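Participant:
In my numbering, the protein residues as written are 3 to 144.
1) Within the same chain, show all residues whose beta-carbon is closer than 6 Å to that of residue 121, passing over the 5 residues directly before and after it, in chain order.
2) Residue 49 lies in the beta strand (DSSP E); which residues open and close that run?
3) Does the stretch 101 to 111 come close enough to the stretch 67 to 85 to have 3 or more Cβ pairs within less than 8 Å?
4) Cα-Cα, which of 35, 85, 43 and 129 is closest to residue 56?
5) Applying the criterion that 16 or more other CB atoms from any shown protein chain within 10 Å of the CB defines a buried residue, is residue 42 buried or exposed?
6) In its own chain, which residues sit with a C-beta less than 6 Å from the C-beta of residue 10, not counting the 5 before and 5 after it?
7) Classify residue 125 as buried or exposed, calling it buried when 16 or more other Cβ atoms lie within 10 Å of its own Cβ.
8) Short of 6 Å in beta carbon distance, which residues of its chain neighbour residue 3, apart from the five on each side in sequence? Order them along the chain.
9) From the DSSP output, read off the bridge partner residues of residue 62.
10) Can you tell me whether DSSP reads residue 3 as helix, strand or coil?
11) Out of 14, 140, 76 and 105, which one is the CA nearest neighbour of residue 61?
12) Is it true that the CB of residue 50 sits closer than 8 Å to the CB of residue 93?
13) In whole angstroms, what separates the C-alpha of residue 105 from that of residue 97?
14) To which residues does DSSP link residue 22 through a beta bridge?
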């Protein structure tokens with residue numbers, strides 16, 4: 003298999019995570035967290051599979067709020083170190099956007115660090131509407 007196949011992560015597809023390329027995830031897959039992720043229907047993950055290896059992934063959340071239509075937040079797009087520069091991140095991002103549209107979301111949003119140039123290039127290829135106000139992000143360690 004030379005082509006990259008995008009596969010939605012479901013309970014039946016979890017065995018794909020037995021073979022994950024380096025740097026797709028930030029750390030090893032935790033079976034307890036994986037089960038919790040799969041159990042929540044609002045969690046979305048797509049895997050990029052090539053030659054029976056997971057070489058990329060994207061995760062998102064379908065988000066509801068009392069005063070807004072459903073939206074989708076893309077949490078992360080990761081591509082293995084040896085597979086970058088092949089538009090896999092673009093494919094994953096486009097897939098997540100289409101999945102959000104199919105769910106009835108009226109917006110998809112994501113953020114990345116200002117110095118993450120690879121992510122910037124990836125997301126720009128999907129042609130987002132830029133926001134006019136700079137965003138500041140805070141992280142609270144618990």
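For glycine and all other residues, C-beta sits at the position ideal for the given N, C-alpha and C. Everything numeric in this text was worked out from a predicted model, so none of it was measured.
Facilitator: Judging by the given coordinates:
1) For the purposes of this step, residue 121 is identified with residue 119 of the chain shown, where counting begins at 1. Closer than 6 Å at Cβ, skipping near neighbours: 114.
2) Start at 1 with the first residue of the chain shown, and residue 49 comes out as number 47. Note, residue 49: beta strand (DSSP E), 45 to 52.
3) yes
4) Counting from one through the chain shown, the residue named residue 56 turns up at place 54. Closest option to residue 56, Cα to Cα, is 85.
5) Walking along the chain shown from the start, residue 42 turns up at place 40. Classification for residue 42: exposed.
6) Residue numbering aside, residue 10 sits at position 8 when the chain shown is read from its first letter. Hits under 6 Å: 48.
7) Here the question's residue 125 lines up with position 123 in the chain shown. Under this definition residue 125 is a buried residue.
8) Position 1 of the chain shown, counted from the first residue, corresponds to residue 3. Here the model assigns residue 3 a pLDDT of 47, short of 50, so the residue's position is not dependable, and the following value carries that caveat. Cβ neighbours of residue 3 beyond the five flanking positions: 53.
9) In the chain shown, the residue the question calls residue 62 occupies position 60. 46 and 76.
10) Sequence index remark: in the chain shown, residue 3 carries index 1 (1-based). Confidence is the limiting factor: at residue 3 the pLDDT is only 47, short of 50, which leaves the residue's position unreliable, though a coordinate-based value still follows. Coil.
11) If you number the chain shown from 1, residue 61 lands on position 59. Considering only alpha carbons, the answer is 76.
12) Looking up residue 93 in the chain shown gives position 91. Looking up residue 50 in the chain shown gives position 48. Yes, the pair counts as a contact, with Cβ atoms nearer than the cut-off.
13) Looking up residue 105 in the chain shown gives position 103. Looking up residue 97 in the chain shown gives position 95. Cα-Cα distance, rounded: 12 Å.
14) Translated into the one-based positions of the chain shown, residue 22 becomes position 20. In DSSP, residue 22 forms a bridge with 56.
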